[in-house]
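Since the structure comes first, as C-alpha cells, the remarks are kept for the end.
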Ligand code: PHE
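Numbering (the numbering used here), first residue to last: 374 to 815.
Right under this line is the structure:
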C-alpha cells in the first residue's frame with residue numbers, strides 16, 4: 374500500500390503517527406501578512422527593519438514555514454526532552470518535519486550562507502496554544518542577528534571592532550533600567566571556552582543599544598505630536614519605561630528580555646542574547662561571534678496601533694484594513710462596534726487512566742492535553758471563537774473519573790451571529806470532542 378502523504382505548496386510529505394497539523398492551519402500559509410502592504414504586521418516589520426539597514430543586514434521575508442525538526446530544534450541546541458518539541462505544542466507534518474515554531478529555525482542556514490554580517494527574518498510562525506485575545510496559533514516574528522569575524526581583527530579579539538560599530542549607532546537619551554551584570558555564573562553564564570569577558574561586554578552593549586533604538590523608534594511614532602516618547606494612560610502622560618531582565622534560551626548565553634511598562638504592567642517585547650558558539654560552529658562558521666534577537670510582531674503592533682484582539686490581524690474586512698496606510702505616523706485603530714457575544718459550556722468525562730477502551734483516543738486522563746480541546750474548537754469555529762476557558766474541573770469521589778467543563782465564547786468581529794448558527798457550531802464541537810478525543814459528554 375502507498376504511504377499516505379500531505380501536499381503543501383506542491384511538495385508531498387509522508388504522514389505518520391506524529392502528524393497533527395489540521396488543514397485549517399495550513400490555510401494560513403499563503404497569507405504572508407508580513408508582506409501585505411499597509412497591513413499593521415508589515416508596517417511594524419518595516420519600522421523595525423529600518424533600524425537594521427542593508428548592506429550590513431540582509432532582509433529575508435519570504436522563507437518557507439515548513440522546516441525540519443533538526444532546523445527548528447536540534448541545530449539550536451534544544452535538549453531532546455524540551456517541552457517545545459512535544460506534539461501538544463508544535464504542529465508536526467511528520468516526525469522529522471514541522472511548521473516552524475520560531476524564526477530561529479533559519480539561523481543555522483543563514484549563518485552557513487554567510488552573505489552579510491547581519492540579517493533579519495520576518496515570517497509566520499506556528500504554535501499550538503490556548504485561545505484568547507492575545508494568543509493565536511499563527512503569528513509573526515522578526516529575528517535579527519549580527520556577527521563579527523575573528524579572522525578580520527588583530528589578534529582575533531573582536532571587542533574593539535564591536536565598540537567601533539557601536540559608536541556609529543544613533544544615540545538616545547532614554548534612561549533604561551538594566552540592573553543585572555552582563556553575565557551571572559549560574560543564571561546567565563559567559564561561554565568561557567569561546568568568549569572573553571570584554572568581548573561579551575562589547576557584544577551585549579551593541580545588542581542592547583541596537584534594540585533600545587528599535588523601541589524608541591517604534592514608540593516615538595505613538596503620540597508623535599508631543600515630542601517626548603511615551604503614551605497616554607488614563608488621560609495622563611506616561612514617559613516610556615524600558616528595562617532589561619535576564620532570560621534563558623537554548624541558543625544564546627547570556628540572554629535577556631526587553632520589557633516596556635505599558636498601562637500598568639511590565640510587558641515582554643523581545644528575547645535576545647549572545648549567540649551560542651556551538652550554533653555557529655555547527656553552521657560551519659566557527660570564527661564568527663555575535664548576537665541574535667526575536668520579537669513578536671503582533672505584540673508590538675497591538676501596542677502601536679491599539680489593536681484590541683489578535684484575530685483582527687487576519688480580518689479581510691476593509692473597516693480594519695483601510696485604517697493602516699501611513700507608516701510614518703502610527704494611528705490609533707478605531708474599533709468598529711463590537712458585536713454581541715454568546716457563550717456555551719461543554720462538560721465531559723475523561724476516561725480513567727489505564728482504561729483501554731476505544732484505542733487510539735487521547736482522553737485517558739494522563740494523556741489529555743488542553744491544547745487538543747483548543748484545536749478542535751478552533752478547527753470547528755475558526756475566527757468565530759473568541760475564547761475558550763476551563764470553568765470547572767473535578768474528580769468523582771467514587772469512580773475517580775475526572776470531569777472538565779469548558780466555556781466557549783462565540784463572537785464574530787464582523788457581524789452578529791445567528792442563534793442557530795452558534796447552536797450548530799457548538800453541536801459540532803461536542804461531536805468532534807467525542808470523535809477525536811473519545812470523551813464522554815455529560
Ligand atoms: N526564538 C526565540 C523565541 O521564539 C526568540 C529569540 C531569538 C531569542 C533569537 C534569542 C535569540 O522565543
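Quick reminder that beta carbons are idealized off the backbone N, C-alpha and C, glycines included.
All of these numbers come straight from a predicted model, not from anything done at the bench.
Through-space distance from residue j to residue i, alpha-carbon basis
i, j, result
"residue 772", "residue 805", "25 Å"
"residue 564", "residue 626", "7 Å"
"residue 784", "residue 570", "54 Å"
"residue 672", "residue 518", "20 Å"
"residue 716", "residue 760", "9 Å"
"residue 384", "residue 505", "33 Å"
"residue 646", "residue 653", "14 Å"
"residue 691", "residue 679", "17 Å"
"residue 677", "residue 416", "10 Å"
"residue 552", "residue 616", "8 Å"
"residue 603", "residue 592", "7 Å"
"residue 629", "residue 644", "6 Å"
"residue 714", "residue 533", "59 Å"
"residue 529", "residue 655", "20 Å"
"residue 381", "residue 396", "10 Å"
"residue 520", "residue 668", "18 Å"
Neighbourhood of residue i by C-beta, 8 Å cutoff - its chain only, sequence neighbours within 5 removed
i, result
"residue 412", "406, 686, 694 and 697"
"residue 723", "736, 737, 738, 741, 774, 775, 776, 777 and 812"
"residue 438", "402, 472, 473, 496, 497, 498 and 499"
"residue 441", "469, 470 and 471"
"residue 586", "424, 542, 543 and 545"
7 Å Cβ shell around residue i - same chain, five flanking residues per side excluded
i, result
"residue 808", "none"
"residue 414", "406, 407, 513, 670, 671, 674 and 686"
"residue 792", "none"
"residue 660", "522, 523 and 524"
"residue 801", "753"
DSSP-derived helix/strand/coil call for residue i
i, result
"residue 482", "helix"
"residue 775", "strand"
"residue 508", "strand"
"residue 436", "coil"
"residue 393", "coil"
"residue 407", "helix"
"residue 489", "coil"
"residue 564", "coil"
"residue 755", "helix"
"residue 804", "helix"
"residue 412", "coil"
"residue 750", "helix"
"residue 793", "helix"
"residue 557", "strand"
"residue 463", "coil"
"residue 711", "coil"
"residue 740", "coil"
Contact set for residue i: own chain, Cβ-Cβ below 6 Å, skip 5 residues either direction
i, result
"residue 744", "461 and 501"
Residues bridged to residue i [DSSP beta-bridge criterion]
i, result
"residue 428", "Note: residue 428 sits in no beta bridge, so no partner."
"residue 641", "632"
"residue 663", "520"
"residue 381", "384"
"residue 612", "603"
"residue 515", "495 and 668"
"residue 762", "780"
"residue 622", "625"
Cβ of residue i within 9 Å of any chain B Cβ
i, result
"residue 494", "Although the question refers to chain B, the structure presented lacks it and comprises just one protein chain."
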